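Participant: Following my numbering, the numbering of the sequence shown begins with 3 at its first residue and continues without gaps.
Okay, handing you the structure first.
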Amino acid sequence: MPLIRPSRDEDVAAITAIYAHHVLNGTGTFETEAPSAADMAQRRQDVLARRLPWLVAENDQGRVIGYAYCNWFKPRAAYRFSAEDSIYLHPDAAGHGLGRVLLTELARHAEDAGVRKLIAVIGDSANAGSIGVHRSLGFAPVGTICGAGWKFGRWLDIVLMEKPLGEGTRTAPVETAA
């Protein structure tokens, strides 16, 4: 079983390589140019500065084989209890249940950070792996935006899914100082 832990600065190179693979070869992200390690380090710092989780999965040799984080769904204040999740795995780690483990732990950390709703914005309606892992953990589909992105010479949909965390919308959230 891989170790799931908070990311560290020294994980950025592995995170960058994993993401670059998905940018250049997959439709789960709509980015078309792989960001640099400096860009990924800044993205990570932005998430951590918001007191949101950025986790990595490490195999028994200590190699980072996946990562997951969440960031505010939208920048406006009213969205401050809703976060979008992101999960990326090294290609060799896909299909072994790691995404489920990472997403489970991410949801726990997000709830601890005050998130009341996790939102999945899944690139490509044919992305059965991501849709399946989200569904298996209680995310419900809430819509598909057809033809929202153009990548690899074709139009791609995005699938929206949601999962309430903790009290969800049953109670008012607790406001904390940032």
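For every residue, glycine included, the Cβ atom is placed at its ideal position computed from N, Cα and C.
A quick note: this is a predicted structure, and the numbers were derived from the prediction, not measured.
(1) Over what stretch of residues does the alpha helix (DSSP H) that includes Glu107 continue unbroken?
(2) With a Cβ-Cβ cutoff of 8 Å, do Thr31 and His23 count as a contact?
(3) Please list the terminal residues of the continuous alpha helix (DSSP H) segment that includes Val14.
(4) Tell me the rounded alpha-carbon separation between Val144 and Glu164.
(5) Under 8 Å by Cβ, that's how I've got Ala70 and Ser88 pegged, so tell me the actual separation to the nearest angstrom.
(6) Restricting to Cα atoms, I'd like to know which of Gly64, Ala142 and Leu120 is closest to Ala109.
(7) With a threshold of 16 other CB atoms inside 10 Å of the CB of His98, please say whether the residue is buried or exposed.
(8) For Ile20, which residues from the same chain have a beta carbon less than 6 Å from its beta carbon, with the 5 sequence-adjacent residues on both sides left out?
(9) Just how far apart, CA to CA, sit Asp13 and Val49?
(10) Would the segment 134–141 and the segment 39–48 be scored as touching if the rule is three or more Cβ pairs under 8 Å?
(11) The beta strand (DSSP E) with Val66 in it runs from where to where?
(12) Against chain C, does Ala80 count as a neighbour if the rule is that its beta carbon must be under 8 Å from one of theirs?
Facilitator: According to the data block:
(1) Where Glu107 is concerned, the enclosing alpha helix (DSSP H) stretches over Leu100 to Asp114.
(2) For Thr31 and His23, no; Cβs fall outside 8 Å.
(3) Element bounds for Val14: Val14 to Asn27.
(4) Their backbone Cα atoms lie some 7 Å apart in a straight line.
(5) With 8 Å as the limit, Ala70 and Ser88 qualify as a contact, their Cβ atoms being about 7 Å apart.
(6) Among Gly64, Ala142 and Leu120, the Cα nearest to that of Ala109 belongs to Leu120.
(7) Burial state of His98 is exposed, judged by a 10 Å Cβ sphere holding fewer than 16 other Cβ atoms.
(8) The answer, listed in chain order, is Tyr90 and His92.
(9) Separation of Asp13 and Val49 (C-alpha to C-alpha, rounded to the nearest whole angstrom) is 15 Å.
(10) Three or more beta-carbon pairs separated by less than 8 Å are not found between the segment 134–141 and the segment 39–48, which leaves the two stretches without contact.
(11) For Val66, the enclosing beta strand (DSSP E) begins and ends at Val66 to Trp74.
(12) Here there is only one protein chain, and chain C is not present.
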